[in-house]
Structures are given as C-alpha cells and as structure tokens.
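Colleague:
Residue numbers (my numbering), protein chains in the order written: chain A, 8 to 319; chain B, 10 to 334.
Structure (structure tokens):
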C-alpha cells in the first residue's frame, strides 16, 4: 500500500532507488567485464534500495549518516553523485575520497557522511559520538547509523546503545536486516520522518529494523548479475523474469514493487516509469563512463593524507 | 614566574584553560588525577562544565569511539582512559577508525581527539597494569604520540593537543611521574608538537630518553658527571611528529648514543629511534647505539622481578659508561 506522500516525493524516491540499482549494476559489470578493475571483493546495495533512499529522504543535508561496507547506496541516497561514487569504487582521483577509500569505505563529508567503516559495527560508537557532538553544539542535526544484523553480534553495539540511551543522544540506529521480508519504501520513509522529528526534539535515541530480502546475486564475495540487468517491465510482467530468480523480482525487489504500486495505486503511468528508468540509465551510463575515464591518483601522492596539516 | 605542581595538576590546569578558551573541548572519562589538590581543581571544572564532561560506563571501546566520532563532527574531545592497558579494549576504534579517517576521506575528515593514558611500570601493577603501548601507537600512521616528562611539558603539550591539533593524539604520562612536582610557568603557553628539548647538555654521550626515562637519565647524567663523563639528555617530547634534527645534532656532537624508553625491546621506541640514527648519523658514530628498555617478557609482579626488568637510572648509566670507555 502506498503511504500518503506527494506524487513528486514518491517519484523522487523511485528515481533514487533506480539510480542505485543502475549504478550497482555497473559495479558488477566493472567486475565482470574488466580484468583487475575491481580489486578484491565488494558488496552491492541491490535489494536494499528502499531503506537507504527512504531514510535519507527523511533527513536534511546537515544530518549525519554513518555507513558500512555496503555503502554505495547510502552515499547516492544522501545525494551523492553516482559518477564520483563509481570513481571511488575503482580508486580514481575524482572519487569522493580521491581513491583512498575504495568500494568498502566511501565517505562523503560534504554530504554528512563523515566516515564509513568496513569493520562490522565499526561506526556504531562513532555515530553516537557525532550525535553527542550535535548535543553539545546544541545543533538540530540528527545522526543515522546504518548497520547490518551481523553488527549486533559485536560488543561495541551494546556499548554504543547503552551510552546513546544514557546520554539521550539524537541518534537513530538503522539496522538493515537483509535476511527476510521486504522493506517498503513508503513505510520506511514515514517511519524515519517521524523518528527523525522526534529525535530532533530530543526524544532519541531510536532503533529501527528494516527488513529486506537478500538479492539472489549476492551469493559469495563477488556479486553477479544472475538475471542480467533489471528490466523495469518486470514490475508488471512477472512472467518475463527468468525462472530461477522470478520469486525475488516478483515479490522481493523493492524497486519493482514500488514501481508496480505507483502504477496500480499512485496514478503513475507505465510509460512515465519507463521514461524515468531510461533517464536514470542514461545518467548511470554517463557516471560509469566518467569513472572509467578518470585518472588514477598520482603514485607519489600515496604518502599524503596521513596527517592533517602536513600535506605539503 | 612559575608554580610548583604535579603532572596531574598541570594536566587539569591545561584542560581547564582549554575548556574556557574553546567550547569544542570536552572531556570523556575520569578526572586525570587520582589524588592531591588536582582533585579539587577537577571538581570545580566538573561543576562549571557539566554538559561537556561525561563520565562514561566501563566501556572503553564505546567511549573511545564516541570521542572519535565527536571529533569528526567538530568537537575536540579529551578522553581519560586511565591505565594505558585499558586502551587495548579500544584498539579497533583508535587504530582502525580514528587513525585512518583523515586518510580514508582523502584529507576531508579531521579527528582532533586526544586519548590520555598512564603507562609503564607503576610498582606492583603486574602483567596487566604495567603496559607501555607507545611503540604500537607510534607504529600507527595517523596517530600523533606525545610523551611529556615534566609538569611543564605536560601542560604545554596538552594545551597544544586540545587547542591546535587537527589529528588524533595519544598522550602518555608515566604512572610514577603523575605525582612528581615541578615548576610550571604561569599563564597560557603551548609547546608545539615536534620540538625536542635538550634537558641537560653534555659532550661525551647522548642519552635520548622519553617520558619516565628522562628523570632517570638526568639522574644517570648526574652520576656520570662525578666520574668525569659528560652526558647530554635529549627528550623528543613527541614521537610523532618527531624532531629528528635536535636528536641528530646531539648525536653528531657526541658520537655516542644510548636510547631509552620504558617499553618492551622488540620493535620498540628505542629500536625505532636507533634505526633513524644509524641511518642518518652513521658517519658520526664512534660506538654502537645502545638501547635501554624492558626485556621481552610481560612485566612480573614480585618486586625483585619487577626491579630486574625496569630500565633504571643505573642501567642507563651502565650503558653510557660502556660506550665512553
């Protein structure tokens, strides 16, 4: 069911979800089509787009987001330029971190993503710290920390949770549980908007569990496009989806589900969504091209950025 | 003019001034001092800045991370970890988050947090409360390491860390020095990181000493002087950044060097400094470089055993004597 939010907002959310999907498909193609371009293993946000986009839509540019090894979607959701995200993933000078971070640690301080940790649970306490800073500074900023269900196995989760509650920090723990059902974008947006408002009013911290259904391409350390690129028409034509992955695309894919609901209940035409997808694909293709054409960092710059104030 | 105070009191004084001067300075942890007039001084700070002084639960991993995150978001936190070995609980946040954030972000995210810890053989600390992790932190790119040896240096360096630093800093004070008194200049002053101090001038042998080894080396130099050996004592004060010039100038003058730090010998601070000297002042050396450190064994409890592993003034003097003769 579609929540009561404006058509414009709904299409904006769908657009960003599609952008993440198309950008991540490029990441997988980088790995499949170019020898040695993606170095080591990587993770994609396919299947979780509804969570990142809906949460970030509920935030302001001043709010902080802390992310994980599965960060690409979060950065785009917070307003990141897909070209600079893809460039960082393949270690280019034009990337958000000038090629220092790579796929695992894309941070974008200008967007409020001041640090990203690929250590499971690595950002939980840091996020509580950013929220503590906002409290001391008497700023209205809210901090959201994304993490997976695995992070709750780490001790730091309990330490951060305890102190966040003791000190009543303006913090939302956003657990993306990627093992079960589908997070609906509208529901997540409404929930997070309400919690962000209450957190800003000093009622925090809060804990949110967003459930997602694992995308079949996520098996192993190197995600694969097991059904090729997503076809937007699968949203209303499940029979066209390859048999092996039909149940996920028909019942588990947050992008296709949202597109289908917009057509069914939101007064949005199929052609409108097809056009939106075509525009997003074009932009994502350009972003991939930008990344591929971008230069690697100058080798001699390897020793830069160990310490602030010592660049020269 | 100068006032006599302990390192603990000097640190509380630096903290108070920094909190007064800069609203971004906050404290997470205990009060830096466990006894003496510093406690009353700290109690006044706590009352004045209640929202900026946090007493955390016993959760080093959590609160060291909170401090780093707060620094990323614009505060300048001081964390009092207490005994240095407690920082081992927080290594993931200090080494794998705070230290790397600036580099990872391509020079965008500053982490001006200061982790204060008391290190070393305190007397009866046994295997778990006698730790000297300065070599670990010195081996971690992204971290600055300060090791003041006197109340005056402690105050000036802490002010510099809290008010000027753009990077995460590990700030060590030796347990046995915390209550030693010394003159502290009046007024606000800072000691910039990366400036070594010649604590005692000499001609025959250079003793490069850190933290608690500085007063021990000064005692050794006094004894050596009676034997006609003139020892120069140089204190780097910060290991990162390191004032190589002052160290090397002294080595070039004397041609003989003892390096001493109260940490285990393998890959130690003394070993690192010795390597730099061998590399950059080899032609000036008239004798091998000697290290006075803790042997490679967990620090034992019994007083006889503990004394045996402690790098005392006598061991420093012996090493210097052997070089000159």
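We put the beta carbon where it would ideally sit given N, CA and C, even for glycine.
Express the C-alpha separation of residue 29 (chain B) and residue 58 (chain B) in angstroms, rounding to a whole number.
Modeller: Each residue's Cα considered, the two are about 9 Å apart.
Colleague: What residues in the stretch 193-205 of chain A bring their beta carbon closer than 7 Å to a beta carbon of chain B?
Modeller: Residues passing the 7 Å Cβ filter: none.
Colleague: Give the interface partners of residue 276 (chain A) over in chain B, defined as CB-CB distance under 9 Å, in chain order.
Modeller: Neighbours of residue 276 (chain A) on chain B: none; closest Cβ ~42 Å, over 9 Å.
Colleague: Of all Cβ atoms in chain B, is any one closer than 9 Å to the Cβ of residue 150 (chain A)?
Modeller: Closer than 9 Å: yes.
Colleague: Suppose the cutoff is 7 Å on Cβ atoms and the five residues either side in sequence are ignored; what does the same chain contact list for residue 202 (chain A) look like?
Modeller: Result list for residue 202 (chain A): 179, 213 and 215, in chain order.
Colleague: Is it the case that the stretch 193-204 of chain B contacts the stretch 156-163 of chain B, given that we only count it when at least three CB pairs across the two stretches are under 8 Å?
Modeller: Touching, yes.
Colleague: Do you know whose CA, among B:167, B:204, B:108 and B:77, lies nearest residue 27 (chain B)'s CA?
Modeller: For the residues B:167, B:204, B:108 and B:77, the minimum Cα distance to residue 27 (chain B) belongs to B:167.
Colleague: Quick one: give me the first and last residue of the beta strand (DSSP E) that residue 244 (chain B) is part of.
Modeller: It spans 240-244 - the beta strand (DSSP E) in which residue 244 (chain B) sits, taken as one unbroken run.
Colleague: Is it buried or exposed, residue 236 (chain A), if we count other Cβ atoms within 10 angstroms and call 16 or more buried?
Modeller: Answer is exposed; the Cβ neighbour count stays below 16.
Colleague: Which residues, taken in chain order from the stretch 23-47 of chain A, show a beta carbon closer than 9 Å to some beta carbon of chain B?
Modeller: If the cut-off is 9 Å between Cβ atoms, the stretch 23-47 of chain A has nothing near chain B.
Colleague: Which residue's Cα is closest to the Cα of residue 40 (chain A): A:177, A:239, A:185 and A:231?
Modeller: Of the candidates A:177, A:239, A:185 and A:231, the one whose C-alpha sits nearest the C-alpha of residue 40 (chain A) is A:231.
Colleague: When you compare only the Cα positions, how much space is there between residue 80 (chain B) and residue 63 (chain A)?
Modeller: Taking the straight line from one Cα to the other gives about 23 Å.
Colleague: On a Cα-Cα basis, can you pick out the residue from B:21, B:140, B:132 and B:56 that is closest to residue 88 (chain B)?
Modeller: Residue B:21 is the option with its Cα nearest to residue 88 (chain B).
Colleague: Pull up the DSSP beta-bridge partners for residue 182 (chain A), would you.
Modeller: Residue 182 (chain A) pairs with A:154 and A:216.
Colleague: Pairs of beta-carbons, one from the stretch 46-59 of chain A and one from the stretch 20-35 of chain A, closer than 8 Å: are there three or more?
Modeller: Short answer: they touch.
Colleague: Relative to the alpha-carbon of residue 136 (chain B), which residue among B:95, B:19, B:217 and B:309 has its alpha-carbon at the smallest distance?
Modeller: Answer by Cα proximity: B:309.
Colleague: Residues of chain A with CB under 8 Å from residue 119 (chain B), in chain order?
Modeller: Correct list: 315.
Colleague: Taking C-beta to C-beta, are residue 277 (chain B) and residue 246 (chain B) nearer than 9 Å?
Modeller: Cβ atoms of residue 277 (chain B) and residue 246 (chain B): not closer than 9 Å.
Colleague: For residue 153 (chain B), write down the residues that DSSP places opposite it in a beta bridge.
Modeller: Answer by DSSP bridge pairing, in chain order: B:178.
Colleague: So, for residue 112 (chain B): in the same chain, excluding its five sequence neighbours on each side, which residues have a beta-carbon less than 8 Å away from its beta-carbon?
Modeller: Taken in chain order, the residues that qualify are 150 and 151.
Colleague: Is it right to say residue 176 (chain B) is buried, meaning 16 or more other beta carbons lie within 10 angstroms of its own, or is it exposed?
Modeller: Buried.
Colleague: Is the beta carbon of residue 132 (chain A) sitting closer than 9 Å to the one on residue 83 (chain B)?
Modeller: No.
Colleague: Tell me which residues of the stretch 73-93 of chain B have at least one Cβ-Cβ distance to chain A shorter than 9 Å, keeping chain order.
Modeller: Against chain A - using a Cβ distance shorter than 9 Å - the residues of the stretch 73-93 of chain B are 73, 74, 75, 76, 77, 78, 79, 80, 81, 82, 83, 84 and 86.
Colleague: Would you list, in sequence order, the uninterrupted alpha helix (DSSP H) runs of no fewer than 4 residues that lie entirely inside the stretch 48-92 of chain A?
Modeller: DSSP runs (the alpha helix (DSSP H)) wholly in the stretch 48-92 of chain A: 56-64 and 79-84.
Colleague: Give a yes or no on whether the minimum CB-CB distance between residue 154 (chain B) and chain A is below 9 Å.
Modeller: It does not: the Cβ of residue 154 (chain B) has no partner Cβ on chain A nearer than 9 Å.
Colleague: For residue 31 (chain B), is the classification buried or exposed, using 16 other Cβ atoms within 10 angstroms of its Cβ as the cut-off for buried?
Modeller: The residue in question, residue 31 (chain B), is exposed, as its Cβ has fewer than 16 Cβ neighbours within 10 Å.
Colleague: Hey, out of B:221, B:237 and B:204, whose CA is closest to residue 214 (chain B)'s CA?
Modeller: Among B:221, B:237 and B:204, the Cα nearest to that of residue 214 (chain B) belongs to B:237.
Colleague: What does DSSP give as the partner residues of residue 108 (chain B) in its beta bridges?
Modeller: None, per the DSSP bridge assignment.
Colleague: Nearest to residue 159 (chain A) by alpha carbon, out of A:143, A:149, A:175 and A:130?
Modeller: Minimum Cα distance to residue 159 (chain A) is reached at A:130.
Colleague: Is residue 188 (chain A) helix, strand or coil when you go by DSSP?
Modeller: Model confidence at residue 188 (chain A) stands at a pLDDT of 45, short of 50, so the residue's coordinates are unreliable and nothing is read from them.
Colleague: Given that residue 76 (chain A) touches chain B, what residues does it touch there, using C-beta distances under 8 Å?
Modeller: Within chain B, no residue comes near residue 76 (chain A); the closest Cβ sits about 13 Å away, beyond 8 Å.
Colleague: Residue 86 (chain B) and residue 76 (chain B): beta carbons closer than 9 Å?
Modeller: Their beta carbons are under 9 Å apart, which means residue 86 (chain B) touches residue 76 (chain B) by this criterion.
Colleague: Take every Cβ of the stretch 94-101 of chain A, pair it with every Cβ of the stretch 38-45 of chain B, and state whether three or more of those distances are shorter than 8 Å.
Modeller: Taking 8 Å as the limit for Cβ pairs, the verdict is that the stretch 38-45 of chain B does not touch the stretch 94-101 of chain A.
Colleague: For residue 175 (chain B), would you say it is in contact with chain A, using Cβ-to-Cβ distances shorter than 9 Å as the test?
Modeller: Yes, residue 175 (chain B) lies at the interface with chain A (some Cβ there is under 9 Å from its Cβ).
Colleague: Please list, in chain order, all residues of the same chain as residue 117 (chain B) whose beta carbon is under 8 Å from its beta carbon, the five residues on each side excluded.
Modeller: 111.
Colleague: Counting only C-beta atoms, is residue 38 (chain B) closer than 9 Å to chain A at any point?
Modeller: Chain A, which has no Cβ nearer than 9 Å to the Cβ of residue 38 (chain B), makes this no.
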